[in-house]
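Report on the following structure.
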Amino acid sequence: VYNSTPDTNIYVKFVQDARDYVTNGKVECTKHVRYISHFLSGQALVFYNTTVSRSHMEWSLKRFFWGIFDYCFPKDFHNIQRGEFKRSYQGSLTVREYAYELVVYFEILGNVSDVKQVDKLWNGLCKDIQSELWKTYLDPKSSSWDEVLEVAKIIEKAN
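Listed below in structure tokens is the structure:
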């Protein structure tokens, strides 16, 4: 149940679980939003009841999730997240922790292409890991997210 807490980790987990629920349950597209509404409380439920319920069949999941986000999070949250995203680097995080942090940003910010996701992962990793990635013949412009992530975790473990 999403309880309207303006916490990106809780929100992203809800979105991922909701998508899995309607996909794995083979719920008709026109019923996605209605089924997911059963897992809302607080301001998210108020948003559904006041804005969506009468026309729920016309709402896509993407539009619905953005609506919940805009209703439950502070108005300037996207701008704050964009700034934090631009400044984010691995630092003291593990490769896995940094990658998860990026995934949360990608979900919140939306519209980050696969190429830009790989580029942000690669260029945000510690310089020694980046150097080792080049030695494995990977490239931030042609390698996939999964390739870069897996090799970076192996490099981290070896160091």
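Numbering (my numbering), first residue to last: 89 to 247.
For glycine and all other residues, C-beta sits at the position ideal for the given N, C-alpha and C.
Nothing here was measured: the structure is a model prediction, and the numbers come from that model.
What residue does the alpha helix (DSSP H) around residue i start on, and which one ends it?
| i | result |
| --- | --- |
| residue 171 | 165-175 |
| residue 59 | Residue 59 falls outside the range modelled here, since the chain spans only 89 to 247, and no answer is possible. |
| residue 237 | 233-246 |
| residue 184 | 183-197 |
On the premise that residue j lies in contact with residue i, defined as a C-beta separation below 8 Å, what is that separation, rounded to the nearest angstrom?
| i | j | result |
| --- | --- | --- |
| residue 217 | residue 243 | 5 Å |
| residue 206 | residue 233 | 5 Å |
| residue 136 | residue 148 | No, residue 136 and residue 148 are not in contact; Cβ-Cβ is about 14 Å, not under 8 Å. |
From the DSSP secondary-structure annotation, give me the bridge partner or partners of residue i.
| i | result |
| --- | --- |
| residue 128 | 90 |
Counting C-beta neighbours from all protein chains within 10 Å, is the total for residue i 16 or more, i.e. buried, or is it exposed?
| i | result |
| --- | --- |
| residue 177 | exposed |
| residue 189 | buried |
| residue 98 | exposed |
| residue 203 | exposed |
| residue 156 | buried |
| residue 130 | exposed |
| residue 117 | exposed |
Measure the CB-CB distance between residue i and residue j and report whether it falls below 9 Å.
| i | j | result |
| --- | --- | --- |
| residue 221 | residue 236 | yes |
| residue 90 | residue 132 | yes |
| residue 170 | residue 197 | yes |
| residue 240 | residue 209 | yes |
| residue 134 | residue 109 | no |
| residue 195 | residue 93 | no |
| residue 153 | residue 106 | yes |
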